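Order-wise, the sequence lines are chains G and Z. Position in the first sequence (from 1) plus 3 gives the number in my numbering. Position in the second sequence (from 1) plus 1082 gives the number in my numbering. The C-beta atom is built at its ideal place from N, Cα and C for all residues, glycine as well. No experiment lies behind these values; they were computed from the predicted model shown.
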Amino acid sequence: MARVVSLNEAISGAVHDGDVVALEGFTHLIPFAAGHEIIRQERRDLTLVRMTPDIIYDQLIGMGCAKKLIFSWAGNPGAGSLYRFRDAVENAIPHELEIEEHSHAGMAARYQAGASGLPFGVLRGYRGTDLSKVTTSISEITCPFTGETLAAVPALTPDVGVICAQQADRKGNVMMWGITGVQKEVVLAARRSVVLVEEIVDQFSPKTNGVVLPAWVVDTISVVPSGPHPSYAQDYSHRDNSFYASWERISRDREAFLAWMTEHVLNTGDHDAYLASLDGTRHRSDS
Amino acid sequence: MTSHQPNTEWTSDEMMTVAAARELTNGAICFVGIGLPSTAANLARAIHAPDVVLIYESGCIGAKPDRIPPSIGDGILSETADAVISIPEIFSYWLQAGRIDVGFLGAAQVDRWGNINTTVIGDYGHPKVRLPGAGGAPEIATSCKSVIITLRHGPRALVEKLDFVTSMGHGNGPDARQRWGLPGAGPQVIFTDLGVLRPDEESGEFSLVGVHPGVDAGDVVRATGWALKVSPSLVETPAPTERELAALRKFVSHDQ
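Next up, the structure:
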């Protein structure tokens, strides 16, 4: 049953060195605050899982938290490269990063299998590509009914799944709306789940395209307003596009990156202090 | 609406976007990525294809943005969509089920068969440049009924041999898709900032069928990494109209 705890407590309880950790959220509702807390708590040797390693994984990789990355698209959406990720893959800085690379459809099938308690997912994918040559977790299976050869990918069952949602209610049910990506699947597939919400409400009101996770599949809930920043929570905040655009300037040089991370993440005790440290540069929500 | 821009002035990227937009027919169900594909698809919706259905892999079906979204999961997409669905659903019920007419893909490298690399430049284990990777592209290339490719022309972009095959076009020849059992027809056209390439009727190789205004076919051949065949019926792309440019610039001026 979901317990309401501080984010510090949620991360220290759920995320251990060497764990397989998935922070999901497809452009929308990315749990940046949780990533920052993992960095503050200096977790090491993590296998990080995420369809679109965004700036949040660039930060975790650059700060030396990751030994392996399982992913399908690693870029700064609409803005360019992830330089800390590239430095790790191209130059083994700060250390070597093992990669396990899929397509979006493959990752989605893996999470779906994990959420379903099935050993593998199946898709009409990867045919004729080099991905199956470099990624050992891409295999083939013949359909017993039609004879068609399909791709088979193993279930993803992370130790920890972390997501952001807009709301929880008093009983610990969680509700999100807008683009919800693979968030439901990662919570159901993970052994432990950490959910960050904008607020706790007495009762949910129906939302178009709303998704509800019952309290009994959620382990901890932390109230972290603007927890997705620079990502966003629909109806609470806007995406901070100028931050995404500035990431190249911040991260291209490793020393500049480390100075920024020290000032805004390591030297800030929590997410409120992180947001305050960006005041003046942060895109303010008015909705 | 009239534009004060003289219609003889446009950038080669604008020409590429306009040419790609014209390819989309009204009512087409179109799977678009962020960047030029999204801009071109929205331009088509503004000009000649008001009923084109834009599907973004973030799960937004029928998005109708009034500005070009800077990311594939921008709020303007979910707020204007007919339906917003999960990622597993978009790739299974919608893409793999064969419901999409046109897939719109960019590329770091493309070869004469329309195969695409978005993974690495150099050796996979020790890449010179690590690119973002596959995203939705391999299955878009597999399952959409047809595929449009856009990229800037250059000998390091249109190459003899890809460093990595991220998404399959026509493999090593015209019958490869059938041998692999790929349901869609694959890439049908490549729009670059210099011209238009389509499969040659005999060989199936991508060949130059159009050049943009002011571009010399010989220059396009020299800017291509394989021995590019020039079609005997080569045409010049009609220049962007004032209306197209005005609509495009209105979108892009909102793009922060």
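Taken through DSSP and simplified to helix, strand or coil, isoleucine 224 of chain G comes out as strand.
DSSP, reduced to helix, strand and coil, places glycine 117 of chain G within a helical segment of the structure shown. Residue contact check for alanine 1219 of chain Z against chain G: a CB pair falls below 9 Å.
Alanine 1239 of chain Z sits in coil when the DSSP states are folded into three classes, being neither helix nor strand. If you draw a 10 Å sphere on the C-beta of lysine 136 of chain G, you find fewer than 16 other C-beta atoms in it, and that means exposed.
Between aspartate 133 of chain G and threonine 1224 of chain Z, the C-beta spacing is not below 9 Å. If you look at threonine 1121 of chain Z, you'll find it isn't in any beta strand (DSSP E); it sits in the alpha helix (DSSP H) that goes 1118 to 1129.
Taking a contact to require three or more Cβ pairs closer than 8 Å, the stretch 254 to 269 of chain G and the stretch 1189 to 1198 of chain Z do not qualify as touching. Within chain G, no residue has its CB atom less than 7 Å from the CB of glutamine 1191 of chain Z, the nearest being about 12 Å off. Across the set Z/Thr1121, Z/Tyr1175, Z/Val1247, Z/Leu1290, the C-alpha of Z/Val1247 shows the shortest separation from the C-alpha of aspartate 1205 of chain Z. Per the coordinates, the alpha-carbon of isoleucine 141 of chain G lies some 37 Å from the alpha-carbon of serine 229 of chain G. Spanning the alpha carbons of serine 75 of chain G and leucine 159 of chain G requires a straight line of approximately 13 Å. The alpha-carbon separation between lysine 71 of chain G and aspartate 57 of chain G amounts to approximately 15 Å. Just so you know, the alpha carbons of aspartate 1133 of chain Z and arginine 1127 of chain Z end up roughly 7 Å apart.
Counting C-beta pairs with one atom in each stretch, the stretch 1168 to 1178 of chain Z and the stretch 106 to 115 of chain G have three or more that are closer than 8 Å, which means they touch. Secondary-structure assignment with DSSP links proline 1220 of chain Z through no beta bridge to anything. Sequence-distant partners of glycine 1218 of chain Z (beyond 5 residues in either direction) whose C-beta falls short of 8 Å from its own C-beta, in its chain, are Phe1113, Gly1115, Glu1139, Phe1173, Leu1177. Between glycine 175 of chain G and valine 227 of chain G, the beta carbon gap of about 16 Å keeps them out of contact (Cβ cut-off 8 Å). Comparing alpha carbon positions, the residue from Z/His1252, Z/Pro1209, Z/Asp1164, Z/Thr1107 closest to arginine 1280 of chain Z is Z/His1252.
Glycine 175 of chain G sits in coil when the DSSP states are folded into three classes, being neither helix nor strand.
A Cβ-Cβ contact shorter than 9 Å links alanine 1329 of chain Z with leucine 1125 of chain Z. Straight-line spacing of the CA atoms in glycine 1236 of chain Z and valine 1317 of chain Z works out to 20 Å.
Between valine 200 of chain G and glycine 164 of chain G, the C-beta spacing is not below 9 Å.
Put simply, the CB of glycine 81 of chain G is near chain Z, with a gap under 9 Å to one of its CB atoms.
For glutamate 101 of chain G, the secondary structure class from DSSP, reduced to helix, strand or coil, is strand. Taking 9 Å as the CB threshold, tyrosine 235 of chain G lines the interface with chain Z.
For glutamate 1161 of chain Z, the nearest CB of chain G lies under 9 Å from its own CB, placing it at the interface with that chain. Secondary structure of glutamine 170 of chain G (DSSP, three-state): strand.
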